[in-house]
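Those letters in the sequence shown? Residues 906 to 1101, by my numbering. Cβ coordinates follow ideal geometry from the N, Cα and C atoms, glycine included.
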Amino acid sequence: MSKYTASGVEKSIQSSIAGFKARATVTKEAHRSERQSILNDVMTSDLAKQEHLEALDKQTRGKLDAIRGEQEAYVSGLRTSVERELLGHQPTDANSVLLRRDAADRARRIDDEAEALAVLGDAVRSGDDSLAHAVGYRARQSGWVDALDAYRLAQPQSADAAAALAVVEGLERDTGYNLANQITYSAPFSESVGAA
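If you want it as structure tokens, here you go:
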């Protein structure tokens, strides 16, 4: 049984990203409050206010970049963990590494889904898990639904992890997610002291 499922990963991602975005919002609100305090300080010259505002902008930018970096590290770490579960234990002896590399090379040369199904069938019948995994990965990357379904049937222990990985990969390609990140982590609007 896989410790990762598509719904579990989706909930975890939504919860974690909401937390990162909430921290970014708090950072921007603190920026606005501090900015207003600087502008309202009647004992400070316009030049000094401008210097304080520039320092505040730089500090806020650093905080937002750090939060975004944590979010990206979270998504990347989750992807790595799910990929590890999908592939299962991979021996690291020289022969096993060579077999996996050869299987990946053979899978890259597959031209269409029909060929992928044939190669996957051969790999399953001969017990060649390295080739089966490589063809399954190629099917997932190429969008070959029938071949991916055949892989999941042949490797049922990895079906949940494969679905969970598809959720993570879909997030990374989602234009809405990327646009929301640009908005969330953009620097708060600041204008010069004279224009305020």
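Distance between ALA1066 and GLY913 (C-alpha atoms, nearest Å): Cα to Cα, the separation comes out at about 11 Å.
VAL947 (DSSP reduced to helix, strand or coil): Assignment of VAL947 by DSSP, reduced to helix, strand and coil, places it in the coil class.
Assigned exposure category for GLN976 - 16 Cβ within 10 Å defines buried: With 16 or more Cβ atoms within 10 Å of its Cβ, GLN976 is classed as buried.
For GLY1081, the first and last residue of its enclosing alpha helix (DSSP H): Its alpha helix (DSSP H) spans residues 1080–1089.
Contact check, ARG1008 vs ALA1052, beta carbons under 9 Å: Checking the sequence, you will find Ala at residue 1008 rather than Arg. Between ALA1008 and ALA1052, the gap from beta carbon to beta carbon reaches 9 Å or more.
Of the listed residues ALA911, ALA929, GLY924, ALA923, nearest to TYR1090 (C-alpha basis): Nearest of ALA911, ALA929, GLY924, ALA923 to TYR1090, Cα basis: ALA929.
Reduced DSSP secondary structure (H/G/I, E/B, other) of LYS908: DSSP, reduced to helix, strand and coil, places LYS908 outside both helices and strands of the structure shown, so it counts as coil.
Assigned secondary structure, SER921 (DSSP; H/G/I helix, E/B strand, else coil): When secondary structure is reduced to three states using DSSP, SER921 falls in the helix class.
Contact check, VAL980 vs GLU1077, beta carbons under 9 Å: For VAL980 and GLU1077, yes; Cβs fall inside 9 Å.
Pair within 9 Å by beta-carbon distance, LEU1070 and GLU956: In terms of Cβ geometry, LEU1070 and GLU956 do not form a close pair [threshold 9 Å].
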